[in-house]
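Scroll down for the structure; my scribbles are underneath it.
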Ligand code: KG4
Ligand code: ZN
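Residue numbers (the working numbering): 2 to 349.
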């Protein structure tokens, strides 16, 4: 048995300050997430300066707590993984500086991780405490994998042929799926972040009440969510002008149904086309219950969806991706800089 590699991971790319401790890229010992949602809700979205300031205030405590929950000290850590990008520059540097300080003080390697690759690797993570024997641990995703990455900033279909091997098949031409949930929620007067609000409201609504449009695109693996957003806006205005009460739950349910069905059916079609037997769904929108049901409710493909707490931003996923990067020989230097724009397709 090789010696286990204990990884301390740090994530601060947007509005979550997070730290986690993992062993060998899959077994999660602790995951601490300090969310800033309440701070940003008053602005209806993430306010960059407020985010970076809050990261500075919370990061030390978050890292300390992650180590304590894993019953470790910095002396027990073998590798530091940190989100290098994409994300907000001022937020990223807070995590990077903390990671560099620990790596330098301990004389251990540092790996800068792409946040999107992190979301993908969230599907490899399992809670170390929950599985007693090696036989019981959840099966690893098998390649080739067809991945749907749907978050607040990205919506992409990716063919993954092996560890760290990505082929971008299609992406959104306008809004990301999570962004569409957030914008539609705002139109309906539902609180930020929109994903969970829409989901909650949709539970009391009729998904067939409204028929919202689906985009037709040249590349069948691309997405577009601006048309459906505009259709919701028109519907809302129609009710306002008529002085009628807005059927919020019905609109939320109909929007959610169309968005989820578009995401799921394109993923299934791409998997068939490219011969992938397994699917991976990740990113904040994969927390959506209707989306999870659309994927788990079919038997044609084996589906890997991260546990609920690892769908939205967290550090466990950064540790998992960092492990596979480290095993592939990647090392970052202490002059590692934030990459606010860093598409997955540019990763070698
Ligand atoms: O991955 P994530 O935490 O941050 C980014 O990297 O963007 O994703 C955040 C996005 C937000 O747009 C949020 O509305 C959406 O994920 N989201 C959801 C749900 N939970 C979070 N969308 C739909 N249903 C949900 N339950
Ligand atoms: Zn994210």
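Just so you know, even glycine gets a beta-carbon here, dropped at the ideal spot from N, CA and C.
> Whose C-alpha, out of 175, 252, 192, 234, is nearest the C-alpha of residue 210?
Replying inline: 252
> Whose CA, out of 143, 221, 65, lies closest to the CA of residue 157?
Replying inline: 221
> Considering residue 288, what are the terminal residues of the alpha helix (DSSP H) in which it resides?
Replying inline: Run containing residue 288: none; DSSP gives neither H nor E here.
> Using CA coordinates, which residue listed in 310, 171, 46, 5 is at the minimum distance from residue 124?
Replying inline: 310
> From the DSSP output, which residues share a beta bridge with residue 7?
Replying inline: 24
>> Buried or exposed for residue 284, going by 16 or more other Cβ atoms inside 10 Å?
In response: buried
> At what residue ranges does the segment 295-324 contain a whole run of the beta strand (DSSP E), taking only runs of 3 or more?
Replying inline: 303-305
> Relative to ligand 1, what is the chain-ordered list of residues with a Cβ closer than 5 Å to any of its non-hydrogen atoms?
Replying inline: 152, 153, 154, 179, 182, 183, 194, 195, 196, 197, 200, 284, 285, 286, 288, 289, 313, 314
> How many Å lie between residue 319 and residue 242 at the Cα?
Replying inline: 48 Å
>> At the level of alpha carbons, what is the spacing between residue 166 and residue 346?
In response: 10 Å
>> Given this structure, state the Cα-to-Cα distance separating residue 201 from residue 192, to the nearest angstrom.
In response: 11 Å
> Quick one: Cα of residue 121 to Cα of residue 238, how far?
Replying inline: 38 Å
>> When you measure from the CB of residue 56 to every non-hydrogen atom of ligand 2, does any distance come out below 7 Å?
In response: no
>> Within the continuous alpha helix (DSSP H) that includes residue 187, where are the two ends?
In response: 178-188
>> Would you call the segment 94-111 in contact with the segment 23-34, where contact means no fewer than 3 C-beta pairs closer than 8 Å?
In response: no
> Where residue 6 and residue 127 are concerned, what is the direct C-alpha to C-alpha distance, given to the nearest angstrom?
Replying inline: 16 Å
> Just how far apart, CA to CA, sit residue 260 and residue 270?
Replying inline: 16 Å
>> Helix, strand or coil for residue 174? Go by DSSP, reduced to three states.
In response: coil
>> Whole angstroms are fine: how far does the CA of residue 247 sit from the CA of residue 207?
In response: 14 Å
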